[in-house]
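J.: Right, I'll just put the structure down here and ask away after.
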Amino acid sequence: MTGVVSVKNSVDTGHEDMIHDSQMDYYGQRLATCSSDRTVKIFDVSGQQTVLLATLTGHEGPVWQLSWAHPKFGNILASCSYDRKVIIWKETSGKWSKLHEFCEHKSSVNSIQWAPHELGLVLACGSSDESFSILYRTGDGNWQYSRQEGVHTLGCNSVSWAPSVNPGSLVDGNSRAAPSTCKRLVTGGGDNSVKVWREEGDSWMMEDKLEGHTDWVRDVAWAPSIGLPVSRIASCSQDCTVIMWTKDESSGGKWTSKVLNTFPDVVWHVSWSITGDILAVSGGDHKVTLWKESNEDEWVCVSEMDRGVERVS
């Protein structure tokens with residue numbers, strides 16, 4: 001039986017063009033949105049009434065994606081744009097301003113994500129110039145970067161960090177062990193592939209190339225770890241599929257793939273719940289669906305939101 005519930009809240013952003021991304025902060029009290037109108041807006045959504053706190057201007061093209069830093073670093077938000085820029089914004093005494101502007105990419109910057117906070121203030125950026133860059137703040141407050149060229153033919157569309165919790169730490173009885181300082185991330189791009197990378201010294205080495213999509217990979221998301229000996233990555237594509245990639249870290253096995261579902265239109269985004277057991281999928285069919293793994297190791301749709309109405313199975 002399927003029940004129907006209404007959406008808890010909707011936000012009139014006041015953007016003058018298409019909205020490309022929206023992100024809640026760590027505490028779920030602030031919402032950031034970005035648009036083709038070249039602006040970033042920040043709202044307080046903690047009360048019954050939504051309050052616009054700031055409109056950030058500085059980009060010269062559509063703003064594609066946003067990423068909040070962990071609150072241990074303060075109120076910091078990153079944005080990336082078609083204008084080839086990444087801007088890092090910081091709130092000080094209630095006022096938002098540019099903390100840093102990164103302009104080293106040669107084409108649109110399509111995706112950004114802050115690393116797990118245990119690794120420091122580190123930002124990954126994926127670009128249409130076929131590279132990704134790692135931007136990080138040093139101990140003296142300056143910003144430095146490294147760039148990996150030739151990552152994906154036709155461009156890097158998405159980046160996602162591996163969790164800092166070591167897979168298997170819960171099973172091994174090391175749930176209180178120190179987080180891993182090894183930097184790993186996954187990328188997806190215009191060559192239809194998903195690639196897993198590991199930092200080695202001053203460069204990045206490709207660990208694995210995961211092939212299964214037949215069109216551009218639009219988004220990748222590495223699942224949070226709760227200490228079980230399994231790594232999991234979700235990817236979505238213009239081929240209308242979502243693929244679940246799984247690796248048993250305890251046996252040193254290879255990545256295995258399973259098509260979660262074939263959708264009626266291009267799939268744009270995938271996103272994990274904080275516990276890593278529910279996957280949200282959104283696409284060109286104007287729906288957001290939530291998927292959960294069953295006891296039979298099959299992924300089933302547990303909720304579907306279609307233009308403001310949610311159906312729960």
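Numbered as in full-length UniProt numbering, the sequence shown ends at 313 without a single skipped number. Beta carbons: idealized from backbone N, C-alpha and C, even for Gly.
(1) Identify whether LEU121 lies in helix, strand or coil by the three-state DSSP scheme.
(2) I believe ILE243 touches VAL230 by the beta-carbon criterion, under 8 Å. Please report the beta-carbon distance rounded to the nearest angstrom.
(3) For GLU200, which residues does DSSP report across the bridge?
(4) In three-state DSSP terms, what is LYS258?
(5) Given this structure, state the Cα-to-Cα distance separating VAL300 from ASP219, to the nearest angstrom.
(6) Given a cut-off of 8 Å, decide if LEU99 and LYS90 are closer than it, judged by their beta-carbon atoms.
(7) Using only the alpha-carbon positions, how far apart do VAL5 and GLY58 sit?
(8) Would you give the residue range spanned by the beta strand (DSSP E) that MET18 belongs to?
(9) Reducing DSSP to helix, strand and coil, say where PHE132 ends up.
(10) In chain order, which continuous runs of the beta strand (DSSP E) of length 3 or greater are located wholly inside the UniProt repeat "WD" (56-99)?
(11) Short of 6 Å in beta carbon distance, which residues of its chain neighbour VAL171, apart from the five on each side in sequence? Order them along the chain.
(12) Distance, Cα to Cα, HIS213 vs SER193?
(13) For LEU210, does the three-state DSSP call read helix, strand or coil?
(14) Cutting at 6 Å between CB atoms, please list the residues of its own chain near GLY14, excluding the five before and the five after it.
(15) Name, in chain order, the residues that DSSP records as bridge partners for GLY283.
(16) Counting C-beta neighbours from all protein chains within 10 Å, is the total for SER93 16 or more, i.e. buried, or is it exposed?
(17) From MET205 to ARG147, what distance separates their C-alpha atoms?
(18) Among ILE226, ASP297, SER111, which one has its Cα closest to the Cα of GLY188?
(19) Looking at the structure shown, is VAL5 part of a helix, part of a strand, or coil, going by DSSP?
(20) From what residue to what residue does the beta strand (DSSP E) around TYR145 run?
(21) Secondary structure at ALA32, three-state DSSP: helix, strand or coil?
(22) Assuming LEU121 and ALA69 are in contact, meaning their beta carbons sit under 8 Å apart, how far apart are those beta carbons, in whole angstroms?
(23) Taking only three categories from DSSP, how would you classify LYS247?
(24) Report the CB separation of VAL45 from GLN29 in whole angstroms; it is logged as a contact under 8 Å.
(25) What residues are listed by DSSP as bridge partners for TRP216?
(26) Tell me, please, which residues DSSP counts as bridged to CYS301.
(27) Considering Cα atoms alone, identify which of ALA78, ARG232, ASP12 is closest to GLU249.
(28) Could you check if GLN238 is buried or exposed, using at least 16 other CB atoms within 10 Å of its CB as the buried criterion?
T.: Once the coordinates are examined:
(1) coil
(2) Going by Cβ atoms, the distance from ILE243 to VAL230 rounds to 16 Å, so no, they are not a contact pair.
(3) SER203
(4) strand
(5) 20 Å
(6) yes
(7) Because VAL5 carries a pLDDT of 40, less than 50, the predicted location of this residue cannot be relied on, and the following value inherits that uncertainty. The straight-line gap from Cα to Cα measures roughly 39 Å.
(8) Element bounds for MET18: n/a, residue is neither H nor E.
(9) strand
(10) 63-68, 76-81, 86-92
(11) With a pLDDT of 48 at VAL171, under the threshold of 50, the modelled position of that residue is not reliable, and no figure is offered here.
(12) 7 Å
(13) strand
(14) none
(15) VAL267
(16) exposed
(17) 12 Å
(18) SER111
(19) Reliability of the predicted coordinates at VAL5 is poor, the pLDDT of 40 falling under 50, and the value obtained from them is presented with this limitation in mind. DSSP places VAL5 in strand when its eight states are reduced to three.
(20) 143-148
(21) strand
(22) 6 Å
(23) strand
(24) 7 Å
(25) TRP216 pairs with nothing; no bridge assigned.
(26) TRP291
(27) ARG232
(28) buried
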